[in-house]
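Step one of this worksheet: look at the structure below.
Protein chains: 2
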Amino acid sequence: MSAQFDVMPLTPAGERLLDAAAELFYRRGIRAVGVDLIADAAGTTKKTLYDRFGSKDALVALYLRRRAQRWHAFVRGYVERVPPGPQQALAVFDALAERLADQDRGCAFVNAHAEIGGTGHPGEPVIRAEKAAMRALFTELVGGDADLGAQLHLLYEGANVAVTAGGQPDGVEQARRAAARLLDG
Amino acid sequence: MSAQFDVMPLTPAGERLLDAAAELFYRRGIRAVGVDLIADAAGTTKKTLYDRFGSKDALVALYLRRRAQRWHAFVRGYVERVPPGPQQALAVFDALAERLADQDRGCAFVNAHAEIGGTGHPGEPVIRAEKAAMRALFTELVGGDADLGAQLHLLYEGANVAVTAGGQPDGVEQARRAAARLLDG
DNA sequence: AGGTAACCATACCGGTCGGTATACTCGCAG
DNA sequence: CTGCGAGTATACCGACCGGTATGGTTACCT
Numbered sequence: 155m156s157a158q159f160d161v162m163p164l165t166p167a168g169e170r171l172l173d174a175a176a177e178l179f180y181r182r183g184i185r186a187v188g189v190d191l192i193a194d195a196a197g198t199t200k201k202t203l204y205d206r207f208g209s210k211d212a213l214v215a216l217y218l219r220r221r222a223q224r225w226h227a228f229v230r231g232y233v234e235r236v237p238p239g240p241q242q243a244l245a246v247f248d249a250l251a252e253r254l255a256d257q258d259r260g261c262a263f264v265n266a267h268a269e270i271g272g273t274g275h276p277g278e279p280v281i282r283a284e285k286a287a288m289r290a291l292f293t294e295l296v297g298g299d300a301d302l303g304a305q306l307h308l309l310y311e312g313a314n315v316a317v318t319a320g321g322q323p324d325g326v327e328q329a330r331r332a333a334a335r336l337l338d339g
Numbered sequence: 155m156s157a158q159f160d161v162m163p164l165t166p167a168g169e170r171l172l173d174a175a176a177e178l179f180y181r182r183g184i185r186a187v188g189v190d191l192i193a194d195a196a197g198t199t200k201k202t203l204y205d206r207f208g209s210k211d212a213l214v215a216l217y218l219r220r221r222a223q224r225w226h227a228f229v230r231g232y233v234e235r236v237p238p239g240p241q242q243a244l245a246v247f248d249a250l251a252e253r254l255a256d257q258d259r260g261c262a263f264v265n266a267h268a269e270i271g272g273t274g275h276p277g278e279p280v281i282r283a284e285k286a287a288m289r290a291l292f293t294e295l296v297g298g299d300a301d302l303g304a305q306l307h308l309l310y311e312g313a314n315v316a317v318t319a320g321g322q323p324d325g326v327e328q329a330r331r332a333a334a335r336l337l338d339g
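Residue numbers (the numbering used here), protein chains in the order written: chain A, 155 to 339; chain B, 155 to 339.
Structural data, given as structure tokens:
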């Protein structure tokens, strides 16, 4: 289901708030960003933020859902430009390479899990669902082989970590080559 | 060099503070834990904390260094119980599996990077060094093949993410099997 | 005309944040 | 006996935290 991360339509000020929150949460982290700062950056007020979203936690969950939806749409676009076959799985690594070029804080879901994991936060199920969806995508692209799909997914997550936390610039390329070898075997 | 993460000897209260901080930082996250809580948990005072460590940031950096030192010693111990050969690289995954059984918040360095990455925090170089050391270990264990070592390292990092943020219990086993396939080829 | 949803401005709440100040006790080495 | 490093206890600082309260202005719908 591609609608699993859909976000309800928002009022104009709500849209600005979610945009500002998304940028700040990703760049600086969730706990590091206060609601006052979000309201200021969106050119509106805390009152409007709480009228629209109810709580910071709910805003965080919405940020994660919209981010998952957009990232998966981006990846699907990349994959669909490649003719069906095992090359489609490798295209996911090309999408990751392009994304990491500007989004140098890595995977928003891994980062969010580091901050809210194990707390009962409403964003937690969104994080798990995003990982499950990426694994399902890989499995689908290799024709339903769940083991191979899961293993390609590990390379994808590992590349994300190696490039960002590890400061290893060729992580994605390395992952792509390992993936090609697993697809050959 | 195995001494690169060594932590200077500490006074008794300093030791208790670092122990308490390590537990709290790992379980709840760095920003989520205040210095008052750390002092209380260690049965001492904020005064002593600042006398010993100077700042919360310095305490965080020390926590990361000691964690890296202990984790690498743990992995080395696992590896040395296996006769030299490619099986040693697979033993790292066994070490990871055992560690993730109780330490269910995943990689402390990835988590820390999510909170302090890109801020100029004194813990940042420790994080990068830990990732470089794990990659170097894999490379060493496969006889110096830097590409293969880097690719095994990606599977290791990916397994960490898949099990924790992804909630995928068989992530390490899957990574180990993919690693075995890369070692065979 | 009246209702209502959206928005803006501002002030406030109790609590916690990282960090500092003051003043005291203890054990040990010169 | 004296000085000092280590530790305890407590109070304080300005800033910020998530969240609420009050009150007012638009624009659209019936």
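We treat Cβ as the ideally placed atom computed from N, Cα and C, and that holds for glycine.
Is it right to say residue i is buried, meaning 16 or more other beta carbons lie within 10 angstroms of its own, or is it exposed?
i	result
arginine 221/A	buried
glycine 271/A	buried
glutamate 269/B	buried
arginine 230/A	exposed
arginine 224/B	exposed
arginine 181/B	exposed
methionine 288/A	buried
arginine 235/A	exposed
lysine 201/B	exposed
leucine 325/A	According to the sequence provided, residue 325/A is glycine. The question's leucine does not apply to it. Buried.
glycine 168/B	buried
glutamine 242/A	buried
glycine 298/B	exposed
glutamate 311/B	buried
alanine 300/B	exposed
glutamate 284/B	buried
alanine 304/A	buried
alanine 227/A	exposed
glycine 183/B	buried
alanine 255/A	exposed
glycine 274/A	exposed
glycine 339/A	exposed
glycine 188/B	exposed
glycine 208/A	exposed
glycine 239/A	exposed
glycine 320/A	buried
Contact check, residue i vs residue j under 8 angstroms by CB: the rounded distance?
i	j	result
arginine 219/B	phenylalanine 159/B	5 angstroms
alanine 215/A	glycine 260/A	So it is not a contact: roughly 20 angstroms between Cβ atoms.
leucine 178/A	leucine 191/A	7 angstroms
arginine 149/A	leucine 295/B	Not covered by the structure: residue 149/A. The range shown for chain A is 155 to 339.
alanine 313/B	alanine 329/B	4 angstroms
alanine 174/A	alanine 157/A	That pair is no contact at about 25 angstroms.
alanine 333/A	leucine 203/A	About 42 angstroms; that fails the 8 angstroms criterion.
At a cut-off of 6 angstroms, would you count residue i as near the ligand SAH, judging by its Cβ distance to the nearest heavy atom?
i	result
glycine 325/B	Only the bare structure without any ligand can be found here, which leaves the ligand SAH out of the picture.
task: Closer than 8 angstroms, Cβ to Cβ, to anything on chain A: give me those residues from the segment 277–297 of chain B, in chain order.
output: Ile281, Arg282, Lys285, Ala286, Arg289
- prompt: Can you give, in chain order, each stretch of the alpha helix (DSSP H) that sits fully within the segment 278–329 of chain A and has at least 4 residues?
  reply: The qualifying runs are 278–295, 300–318.
task: Would you list, in sequence order, the uninterrupted alpha helix (DSSP H) runs of no fewer than 4 residues that lie entirely inside the segment 223–282 of chain A?
output: 241–256, 262–270
- prompt: What are the residues of the segment 258–270 of chain B that lie near chain A, defined by any Cβ-Cβ distance shorter than 9 angstroms?
  reply: Asp258, Arg259, Gly260, Cys261, Phe263, Val264, Asn265, Ala266, His267, Ala268, Glu269, Ile270
Residues, ordered as in the chain, of the segment 217–236 of chain B that lie near chain A by beta-carbon distance below 8 angstroms: none
field: Members of the segment 300–322 of chain A that neighbour chain B once the beta carbon cut-off is set at 8 angstroms
entry: Asp301, Ala304, Gln305, His307, Leu308, Leu309, Tyr310, Glu311, Gly312, Ala313, Asn314, Val315, Ala316, Thr318, Ala319, Gly320, Gly321, Gln322
message: What are the residues in the segment 167–194 of chain A lying within 7 angstroms of chain B by C-beta distance?
response: For chain B, the residues of the segment 167–194 of chain A that bring a beta carbon within less than 7 angstroms of one of its beta carbons are Gly183, Arg185, Ala186, in chain order.
- prompt: Name the residues in the segment 322–333 of chain A whose C-beta lies less than 9 angstroms from a C-beta of chain B; which are they?
  reply: Gln322, Asp324, Gly325, Gln328, Ala329, Arg331, Ala332
Segments assigned alpha helix (DSSP H), at least 4 residues, entirely inside the segment 187–220 of chain B: 189–195, 200–207
- prompt: Closer than 9 angstroms, Cβ to any Cβ of chain B: which residues of the segment 204–215 of chain A, in chain order?
  reply: Within the segment 204–215 of chain A, no residue qualifies.
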